[in-house]
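The numbering of the sequence shown is this note's numbering, which starts it at 839 and goes up by one. Note that the Cβ used here is the ideal one computed from N, Cα and C, for glycine as well.
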Amino acid sequence: MEKGRILLAVTGFHPQRWRELLSAEREVVLEPDGASDPSITYAVVWKQKPNLLSKLPNLRAIFSIGAGVDHIFADPGLPDVPIVKVVADNLTQYMTEYVVWRVLDHHRQGMLYRAQQQKKTWHEPPQRPAGDISVGIMGLGNLGRAAASVLLSLGFAVNGWSRSEHAMKGVSTYSGDAGLIPFLNATDMLVVLLPLTAQTQGIVNYNLLKELRKRNGLGGAVLINAGRGRLQKDADILRALEDGTLKEASLDVFEVEPLPKTSPLWAHSKVFVTPHAAATSDPVHLVPIMLRQMAAYERGEKLENLVDRKAGY
């Protein structure tokens, strides 16, 4: 196989660093030479323009810059070529750090202490051991399993839910529609790491949140969403916070991003907001993985971490 050129098609951030690193081994372009450019053999994308890839005759594979691939499937002219999702140690580490940080902050009553500090209040509330708290992770892929492993080592009880069955030592696992309510009923702190698909869009709604266990060592149910913004209904989260269905929430993703300045989530006393920063894609770590995959594919080896088109992730 000839190397061909890489089409780097990204929106929402500057592509320069990605281009520099990819260019170390391959020719990189930001636009094809016409709709049916025969020189392009790979596309590295993030929210590419619709139909940009549809007529490239020699396109061999599409690589996603981010952990999610819903932005790729949003393209109505998506060609029938393999799609490779990002799996990298540093991305997994970033996400694990974020999840553990937020779990520990809620567990050790960070919001209460920050509020007390503003009022100069010296008060130590009761603290429950980690083993009294059940953390439920929705999505037991690479990211979910890594986070679960660390939480187990800290002594938390860990539940896991996924669309299909995924066993993991030390984790109480649930799957499918039949397992969702039992999973929620056994969970004090919900961590959402699901991919965005037609089946999961809007899944974090009021009906789901009201099934979480409220009488627990935390004094109420907690939500942490570091998955995709359109998994949740922002208005339902606000409703759940206002009526006590949720005690607190940490949100890294939102239905509309950037989160509009008019959103009440910004100033809500029970909400911790981060700007989709839980696991930032770092080209220094990700580009070598992409280039290695391309070279291996050209030697006749199989691509790794392929997206299941039927499942959508």
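Counting other Cβ atoms within 10 Å of its Cβ, L1061 reaches 16 or more and is therefore classed as buried. Excluding five sequence positions before and after V941, the CB atoms of its chain that fall closer than 8 Å to its own CB belong to V973, L989, F994, M1027, V1029, I1062, given in chain order. In this structure H944 is buried. Its beta-carbon is surrounded by 16 or more other beta-carbon atoms within 10 angstroms. Approximately 7 Å separates the beta-carbon atoms of L859 and V1122; this is inside 8 Å, confirming the contact. Distance between K1099 and F1110, taken at the CA atoms: about 15 Å. Taking a C-beta distance under 8 Å as the contact criterion, V867 and M1128 do not qualify as a contact pair. With respect to E1049, G1067 sits apart: the two C-beta atoms are not nearer than 8 Å.
Counting C-beta pairs closer than 8 Å gives fewer than three between the region 943–961 and the region 913–933, which falls short of the contact rule. In this structure, I903 keeps its C-beta atom at 8 Å or more from the C-beta atom of I921. In the DSSP annotation of this structure, the continuous segment of the beta strand (DSSP E) that includes A1087 starts and ends at 1086–1089. By the neighbour-count criterion, in which 16 or more other beta carbons inside 10 Å mark a residue as buried, K957 falls on the exposed side. Taking the Cβ atoms as the reference, N980 lies roughly 6 Å from T930, within the contact range of under 8 Å.
With a 10 Å radius around the Cβ and a threshold of 16 neighbouring Cβ atoms, T849 comes out exposed.
Per DSSP, S987 is one residue of the alpha helix (DSSP H) stretching across 980–991. For A1064, the closest C-alpha among the options H852, A862, Q954, E935 is that of E935.
In this structure, the straight-line span from the alpha carbon of L978 to that of R898 is close to 29 Å. A899 sits in a strand when the DSSP states are folded into three classes. In its chain, beyond the 5 residues on either side, V907, P1033, T1035, V1145 have a beta carbon closer than 7 Å to the beta carbon of Y1151. T1011 is bridged by DSSP to G998. Taking T1112 as the centre and dropping the five residues before and after it, the same chain places the C-beta of D1090 closer than 7 Å to its C-beta, in chain order.
Bounds of the beta strand (DSSP E) holding L1061 are 1060–1063. For a cut-off of 8 Å, the C-beta gap from Y1044 to A1078 is around 6 Å, short enough to register as a contact. Inclusion of P914 and L894 in the CB contact set at 8 Å is not warranted, their separation being larger than that value. In this structure, DSSP gives G948 a helical state, which the three-state scheme calls helix. Here the alpha carbons of S1000 and M976 stand approximately 6 Å from one another. In this structure, the straight-line span from the alpha carbon of K1140 to that of S1013 is close to 30 Å.
The criterion of a C-beta distance shorter than 8 Å is not satisfied by M1132 and Y932. Taking a 10 Å sphere around the C-beta of W960, we find fewer than 16 other C-beta atoms and assign the residue as exposed.
Less than 8 Å separates the beta-carbon of L846 from that of R857. In the structure shown, the three-state DSSP call for Q954 is helix. Contact between R843 and S892 is ruled out by a C-beta separation of about 17 Å, above the 8 Å threshold.
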